[in-house]
Every structure is written in C-alpha cells, then in structure tokens.
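As you go down the protein sequences, you meet chains A and B in turn. What the first sequence shows, in the working numbering, is residues 590 to 987, in sequence order. What the second sequence shows, in the working numbering, is residues 88 to 554, in sequence order. Ideal Cβ placement from N, Cα and C applies to all residues, glycine included. Every value quoted in this text rests on a predicted model; they were computed, and no experiment measured them.
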Amino acid sequence: MSDETTHLPPAETFDYKHVGGRFIGLCVTAIVTLLISLVLGIGNPQQFAFSWLFAGWFFVTILIGSLFWVIVHHATDAAWSVGIRRQLENISCQLPLLALLLLPLLFVAPKVWTWMAESPTHNHELAEKAAYLNVDFFWIRTAVYFLLFGIVALLFRRNSLAQDQDGAAIHSIRNRRIAFFIIPFGAIALTFWSFDWMMGLNIRFVSTIFGIYNFAGAVLAALCVIILLANALRSAGYLKRVLTAQHNFAFGKLLLAFTLFWGWIAFVQYMLIWYANIPEETSFYVLRSTGSWKVLGILLVVGHFIIPFCLLLFRGPKANARFLGVVAFWILTMHLLDVYMLVLPVLHPEGFQPAVLDVVALLAIGSTLGAFFLKGLGDSPLWPSRDPRLAEAVNFND
Amino acid sequence: MSASTSNETVTPDLSAIARPPQVLNNRGPLWVTDAVCSIVEGKTPLWWYAAISISGTFAAIGGACILYMIITGVGVWGSNSPAFWAWDITNFIFWVSMAHAGSFISAVLFLTRQRWSLSVSRAAEAMTVFAIVCAGVYPAIHIGRVWFVWFLFPVPNNYGMWPNFSSPLLWDVFAVTSYLTVSSLFWFAGMIPDLAVLRDRATTKIRKFCYGVASLGWLGTARQWRHYESMYVVLAGLTSVLVVTVTTIVASDCATSVIPGWHATIFPFYFMVGAVYSGCATVLTLLIPLRALYPQLKDLITPAQLEKVAMLLLMMASCVGYVYVYELFCAWYSGNAFERGAFWERFHGTAAWYAITCLSINLTIPQLFWFKRVRTCLPLVFVLAILCNVGMWFERFMIVTTSLLHDFLPSAWGNFHPSIVDILTATGTLGIFFTLFLLFIRFVPIMSMNELKAVLPGTQPQHGEGH
Chain A
590 MSDETTHLPP AETFDYKHVG GRFIGLCVTA IVTLLISLVL GIGNPQQFAF SWLFAGWFFV
650 TILIGSLFWV IVHHATDAAW SVGIRRQLEN ISCQLPLLAL LLLPLLFVAP KVWTWMAESP
710 THNHELAEKA AYLNVDFFWI RTAVYFLLFG IVALLFRRNS LAQDQDGAAI HSIRNRRIAF
770 FIIPFGAIAL TFWSFDWMMG LNIRFVSTIF GIYNFAGAVL AALCVIILLA NALRSAGYLK
830 RVLTAQHNFA FGKLLLAFTL FWGWIAFVQY MLIWYANIPE ETSFYVLRST GSWKVLGILL
890 VVGHFIIPFC LLLFRGPKAN ARFLGVVAFW ILTMHLLDVY MLVLPVLHPE GFQPAVLDVV
950 ALLAIGSTLG AFFLKGLGDS PLWPSRDPRL AEAVNFND
Chain B
88 MSASTSNETV TPDLSAIARP PQVLNNRGPL WVTDAVCSIV EGKTPLWWYA AISISGTFAA
148 IGGACILYMI ITGVGVWGSN SPAFWAWDIT NFIFWVSMAH AGSFISAVLF LTRQRWSLSV
208 SRAAEAMTVF AIVCAGVYPA IHIGRVWFVW FLFPVPNNYG MWPNFSSPLL WDVFAVTSYL
268 TVSSLFWFAG MIPDLAVLRD RATTKIRKFC YGVASLGWLG TARQWRHYES MYVVLAGLTS
328 VLVVTVTTIV ASDCATSVIP GWHATIFPFY FMVGAVYSGC ATVLTLLIPL RALYPQLKDL
388 ITPAQLEKVA MLLLMMASCV GYVYVYELFC AWYSGNAFER GAFWERFHGT AAWYAITCLS
448 INLTIPQLFW FKRVRTCLPL VFVLAILCNV GMWFERFMIV TTSLLHDFLP SAWGNFHPSI
508 VDILTATGTL GIFFTLFLLF IRFVPIMSMN ELKAVLPGTQ PQHGEGH
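Structure follows, in structure tokens:
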C-alpha cells in the first residue's frame, strides 16, 4: 500500500435524522402536490399533460445529466470527481422512480403529442413519418430509454458500493467498461428521446442538432444540481475532507465551459434556422417569438448565457463555493425556463400563460424525487470511501 | 451539525489502474533538455534532406499549378456546373479542420490540465499553423480573379465598395485570419522559454543571434514567468474559443444555404468533431514516425500518450458516426422529398463511391481503436491514422461537392471529374505542409521542455507527500 493511503479521510455517512423536519416537509409536499395534480388534472387534462411533461422533462434532464457525469468520470478515469461521484450516482438512480412518476403521461399523451390522435391516412406529414411516429413504437422507445439509462445507473452504483466493501480496482475497471458501452448507445438514446418528447410536440419541425441542444442543457443542469448539493452537504458538515476550494474551481470551470457549450449550440441552431428561413424550421422560433414568449426568449438568452458567462469568466470567484452556488441556482432556474419554452408555447401559442399546474407538477415530481433521494442518502457512505483514486481526489490541485 | 464517520480501514488498490509516467525511464530535467535540443543542434540527418526534397518538389509543383490557374483562369480546374465548389473548397475545409485539432489538443487540454498531452502539444500547434497556411491557399484563388482578393478585406469600405457582410464567405476571411494570428501567437508564445534554452546552448554566433532574437530576451526570472503564465492562459482561452467560432463559420459556408445536404443545424458540431478527429489522426501520422526517426524521443512521446490520442480520435470518430446517423435520420424524418432525394443520390448517384468510401472508412477504421492491442501497435496506428484522414477528405468532398451535384432540378444534375491541376494543387498543399513541418522539427524545439520538466517526478511541490 502506498504511503498516500494513510492520509485518506474515513468514510462519512449521512444521518437523515438531522434533517428529519425537512424530510417530513418534503414528504408532505409530495403527497399534497400529487393529490392536487390529480384533482386539477381531471379538471383540465390538456394543461395537466403539458405541465407534467414540462416538469418531467426538467427532471429527466437532471437525472440523465447526472448519469453523464458518472459516465465521464469512469470513461476518463478521472480522479478529481471521486468525492462527488456517489451523489451523482444517487441522483441518477432515481430514474426508475421518475419513470413511475411519469406514468400519467401514458393516459394523456394524445393531448400533448397531438399526432397520436391523428390518422396517417388523413395527415400527409404523419404518413411520411409513420414508420417512426406511431404510438406503439413511441412507447417501446420510451421504455427502452428508461430501461437503458436506469439499468446502467444501477450498475454503476452497484459496482461503486461493492468497492466500498473490498476496495478492489476491478470495480473501477468494470465501471469504465460500462461507461464505454453506454456512450454510443446513450448518445443515440438521449437524442431520440428528445426528438420524441420535445421535437415531437410539432412534427413539422426538424433540427439535427436538437438532441445535442437537450444534452447541453441536461449536462449543465446536472452540474448545477451537484454544486448546490455539494454546498448543502458541506454546510451540514459533510464532504469537507474530500471537496476543497480546488474542486470549487473545477466546478466553476466546467460550469463556464458548459455554459459556453449550451450558448454555442443554442446560437447555431437559431442562427442557421433564421438564416435559411425554411418555414418548417422557422415555425419553431416564430412560435417562441410571439407575444410575451418573446420576452421570455430574450430572458433565456441573457439569463442562460450572457449573465453566467460574465460571472464565471474570472478566476477568483470560481473558487468561492457560495458564489458558485448562487450562479448554479441561477443557471438551473434558466434551464427550467428553457424546458418551459420548449413545451408550453405549443399549448399557449398566443403568449405566456402561467398555470397553477405548472408549479404543482414541478413540486409534485421534484419533492417526491427529493424525499426518496434524502431517504436513500444515508444508505451508503457519502463518497466512494475505498476508491483507488480517492487519494488523488483529496490532493487534487487544479 | 457534525458529520458521522466510520472507522473502516482504507485499502485502495492502485496497482491495477496505475497511471503511466509522463516520461519513461526516470529521465531528469537535464536529459529532457539534451534530448529535445539535440534534434536542433545535431547534424542534419540524410532522411531529412530526402524528405524535404520530395515535399518541396510537390510544393513547387503546386505553386506552379496555382500560377497557371491564375494566368489561365479557373477553367483549368474540374469545377463546372452544377459543382462550382469542388476540390478547392473541399481542400480548404480539410485543411482548416485539421488546424482545429492542433489547437484543441494543445489549448483545451492545457486548460483542462491534461498533462499527458504535453509531449504532443507543440507538434499539434505547429500542425495548426501549417494547416491554416495550406487552407489559406484556397480562399484567395478560388474566387477566380485573384487580383480582386482585397475585396475580402475591410479596406474597400474606405472606397464605398461595401462587401456583403452577411455572407459567411466573408466571415471566413475574418475567422481564418484571426485564427492564424492567435494560433501562431499561441504557438510562438509557448516556445519562448525553449528558444531561450537553445540560445543559451548555442555554439555559433549566428545561432545565438537568431535564437536570441526569437526568444525576445527571455531570462526566466520569476517576474517573467508570472507574466508568461498569465499570457499563456489568456492565449489558450482565446484559441479555444476561436476553434469553436472558426469551425462554426466554416460550417456556415454550407449550412446557411437551403441546399439539401448542406443545410443542417448540426453542421457546426459536425465540423468540430470531424476536425478534431482528422487532427488527432494527423498528430499520430506525424509523431509515430518522428519518435522512430529520433530514438531519444521514445521516452518523451510514450506509447501511453499516443494511445490517449488514439482514444480521443475514437471518441471524435464516434461523434462523427453519430452525426452521420442523425443526418440520415433527419433527412428521412423531415419528409422533404428534396432532402430525402439528396441523401438517396449521395449513395446511389454517379458520385456514390465518394460517400461509400467516406462512410466505409470513418465508420469502421476508427472503431478498431476500441481494442487495446490495436491502439498500442504503433505501426498499425500509423496506417489506420492515415486511412482516417483519407476518410475525412472524402467526407469533406461528400459534403461540399456531391450535395451540389444533385440539387432541386434533375435536369441540372451533373458529375465532377478533377483535372490534373486540381490534383497537383492538392498535392502541392501536402507538400507545403510537410515542408513546413520538416523545417519545424529541424529548427525549433518540437516539444515544450519547460512544461515537460514541470511534470517530472520530484518537481511538483506536493509530490509524494500525500496532502
């Protein structure tokens, strides 16, 4: 054993009794908002369908984004992110629960994906795409997305927990192999998923970069969540031995890099569609530039790109956890707006019309996921305590 | 609130996943200096003369072809209706894309502190600059009347001759010249401390003078290093951003149009990953023979580093494969007869063999790098890397020219056959590239000695102390 091992911090375990009040609060919120959603949904199934899709996709992006960071960690044999990896695993493992929470979409799908209610014999555009856009194949694909990502997330976590027991490097190697396996399939699956759920809201619209646009948002959102979670755990006295100011700086650099990435992808999609001016494509942006949507569109450009870019450009503030937390919260809010702008203009083409169900759906899914996440947080050490790269992670110097 | 902790014994096992050393055989700083400087200071090998004679000849023939084209007109090229953009723009995109990978490997991996890239970054930066020079050959001459090339620059504004600022072709000029300026600065800035080493070791007055001028009076004081490090980070940041912006603009040359096969929102991403893919292939093509020709480099350019370049190539090739899949899918999904027709003709028309060759290579050859046995067999990697670049050339041609061959009017469809001038101009750019690269390895340090020394065992303040 190397000399470095003697300096490794002992494992920490989260005791959720310390946040018992908040946990109960989350449970109560989850139950109440789920019930309210049910009642309001019966009254206005179309609004429910859109609100549920909006909230559902927001959390899909966070969970898939978290899984992406686990994949990147293993595929690149990274060391710096060992301290935060367990939380990424914990978040991505909520995918099966999210699948259950999104089951209501099965019953209201034609309200939101209107092509489902149409017949290819009466719709020429649908007829051209019927081999792909048909109800059975749509739900089979959706099941495949959840199964693929869900199983991979659980496998990563299983190997990670097994390593906590024996410290064997073989678990890291196994996870690396899984990461290599999932990269191509995951990229294809996430792209088709975003085509199905988001681009499928308007079957005339086609953009080849749309999958990457959703991927960029997902990765950025997951990064924001993990920064906020790391801050919360550190303020509760955890993770301090494995996450230092150097890690904050790395978070800050990644946040800047993926803010730029999102900005780049969003810009080229807009610019190329605007420039070519083909009606099938411009309809996407025309809808989102109508009435009050235009104001939100401008807010998205400024809030999702310009403000975080300016804030994160300088080196000093990036090492400050509190500053990073504020920026991460802001970007996450902007990601929420981004998803909102993808979904809700289809329901309200005349302009922005906030609905109670939008908030309730968000709270219902979010608090349910949050409660289960918090409940499971104490089931394993807060970081992979016997990961072979832990010493490197603790000594990380950016 | 206090954190609860357990008292488990921590027994990490590093042996199975140990990181390979940056420099093999425990070489020290002095050895690194001697090994790198000996290439510049030693006797010029015979193979170098032979190689530069061949590459110089190709470059001269290419230059003669360009002169002939300027005197005679663009009719000497094979470009004709409907493919007015053919080998000229294909080669421009091929070279400018290759240039991006050099900056990516160097600047982006520097900013992300990927130390494995230190040995290959200088050569990659050189590749960037020389590839831009090769790319720069085409924009001026493909306009036909090269004496009007100054219309592309902002100068005519003073005369009220407003160029079309909303044209991506004009953006190209700004983008490529900016990129050439910044990447040259980045490359040169990285060399300053190493040029000073050559100056200090120089045994002749001419050498001392030349390297003295080139090293800008570098003394290696703490103050100079502080300024240098700050400048280098800023240049790395600028270069990284420029990689993305230039790629976007080059991709916009095609993607802003409404031509089926050209207009796709994924094009900037497509060009970006394709660029890094072909650049990684070029880095491997250049460095594998180099370490064989200069055996002292074998401890500095290690198989593990080349393996990482191969893995990066695999990653980017897979991204290129992803784009192929979604371009084809979206062409079908659009339901647009012209989009579907363009891709159908791409694989069935008279120029189908270009697309088939492109896909056959780019979807299969890089995937061999999934196997460690392939990645670590350097002669095989060398051959595969060349094939990857061949595949990328065909990809550029497939995008640029075959899309033009089959546009909206079937009666206007045609074919393209390159002329001998096309071919010799293209091989001429290869000659320019290799001539410049041969001069580079003979006259400047081919890797960053100062950065390499900083990662040798025992040079980091915290090394071995476990804190």
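| query | result |
| --- | --- |
| Would Arg313 of chain B be called buried (16 or more neighbouring beta carbons within 10 Å of its own) or exposed? | exposed |
| Closest by CA to Leu387 of chain B, which one among B:Ala105, B:Ala276, B:Asp121, B:Ile104? | B:Asp121 |
| I'd like to know if Phe261 of chain B contacts chain A, where contact means its C-beta is closer than 7 Å to some C-beta of that chain. | no |
| Tell me, please, whether the CB atom of Val814 of chain A is closer than 7 Å to any CB atom in chain B? | no |
| Just confirm the distance between the C-beta atoms of Asp987 of chain A and Ala819 of chain A, as a whole number of angstroms; I'd bet it's less than 8 Å. | Not confirmed; about 15 Å, so no contact. |
| Pick from B:Met278, B:Ala309, B:Glu316: whose alpha carbon is nearest that of Val300 of chain B? | B:Met278 |
| Pick out the complete alpha helix (DSSP H) segments inside the region 390-429 of chain B, 4 residues or longer, and give them in chain order. | 390-420 |
| Checking contacts by CB at 7 Å: is Pro773 of chain A closer than that to chain B? | yes |
| Cutting at 8 Å between CB atoms, please list the residues of its own chain near Met590 of chain A, excluding the five before and the five after it. | Unreliable placement is indicated for Met590 of chain A, whose pLDDT of 39 sits below 50; no coordinate value is reported for it. |
| Determine, using beta carbons only, whether Thr343 of chain B and Tyr864 of chain A come nearer to each other than 7 Å. | yes |
| What is the DSSP secondary structure of Asn167 of chain B, reduced to helix, strand or coil? | strand |
| Strictly below 7 Å CB to CB, what residues from chain A border Phe430 of chain B? | Correct list: empty, because the minimum Cβ distance to chain A is about 12 Å. |
| Alpha carbons only, please: which of A:Glu678, A:Trp786, A:Trp669 is nearest the one belonging to Ala698 of chain A? | A:Trp786 |
| Does DSSP put Glu717 of chain A in a helix, in a strand, or in coil? | helix |
| Using a C-beta to C-beta distance shorter than 8 Å, which residues of chain A count as neighbours of Pro412 of chain B? | Looking at the sequence shown, residue 412 of chain B is not Pro but Val. What Val412 of chain B touches in chain A: Ile777. |
| Find the residues of chain A that neighbour Ser405 of chain B, judging by a C-beta separation of less than 9 Å, and give them in chain order. | Ile772, Pro773, Ala776 |
| So which residues of chain A does Gly348 of chain B contact, with C-beta pairs closer than 9 Å? | Within chain A, no residue comes near Gly348 of chain B; the closest Cβ sits about 12 Å away, beyond 9 Å. |
| Taking just the CA atoms, how far does Gln683 of chain A sit from Leu958 of chain A? | 7 Å |
| For the region 649-682 of chain A, list every residue whose C-beta sits within 8 Å of some C-beta in chain B, in sequence order. | Asp666 |
| Give, in chain order, every residue of the region 922-935 of chain A whose Cβ lies closer than 7 Å to some Cβ of chain B. | none |
| Tyr864 of chain A touches chain B at which residues, Cβ-Cβ below 7 Å? | Thr343 |
| Would you please verify whether the beta carbon of Lys718 of chain A is less than 7 Å from any beta carbon of chain B? | yes |
| When the Cα atoms are used, what is the spatial distance from Thr555 of chain B to Gly478 of chain B? | Residue 555 of chain B lies beyond the stretch modelled for chain B, which goes from 88 to 554, so this question has no answer here. |
| For Gln752 of chain A, count neighbouring Cβ atoms within 10 angstroms of its own Cβ and tell me buried if that reaches 16, exposed if not. | buried |
| Where Gly223 of chain B and Thr516 of chain B are concerned, what is the direct C-alpha to C-alpha distance, given to the nearest angstrom? | 10 Å |
| First and last residue of the alpha helix (DSSP H) that includes Lys700 of chain A? | 693-701 |
| For the putative contact between Val928 of chain A and Thr650 of chain A, defined by C-beta atoms under 8 Å, what is the C-beta separation to the nearest angstrom? | 7 Å |
| For a contact defined as C-beta to C-beta under 7 Å, what are the partners of Thr780 of chain A on chain B? | Tyr413 |
| Starting from the C-beta of Phe191 of chain B, find all residues in its chain whose C-beta is less than 7 Å away, skip the five residues before and the five after it, and write them out in chain order. | Val330, Val363, Gly366 |
| Considering only the alpha carbon of each residue, which of B:Ser506, B:Ile375, B:Phe503 lies closest to Pro466 of chain B? | B:Ile375 |
| Could you give the distance in angstroms between the alpha-carbon of Arg763 of chain A and the alpha-carbon of Gly775 of chain A? | 17 Å |
| Does the Cβ of Pro599 of chain A have 16 or more other Cβ atoms within 10 Å, making it buried, or fewer, making it exposed? | exposed |
| Can you pull the chain A neighbours of Cys417 of chain B, defined as C-beta to C-beta under 7 Å? | Val795, Thr797 |
| Specify the secondary structure class of Pro709 of chain A as computed by DSSP and reduced to three states. | coil |
| Report the partner residues of Pro938 of chain A according to the DSSP bridge assignment. | In DSSP, Pro938 of chain A forms no bridge with anything. |
| To be precise: take each residue of the region 718-740 of chain A, compare its Cβ to all Cβ atoms of chain B, and keep it if any distance is under 8 Å. Which residues remain? | Lys718, Tyr721 |
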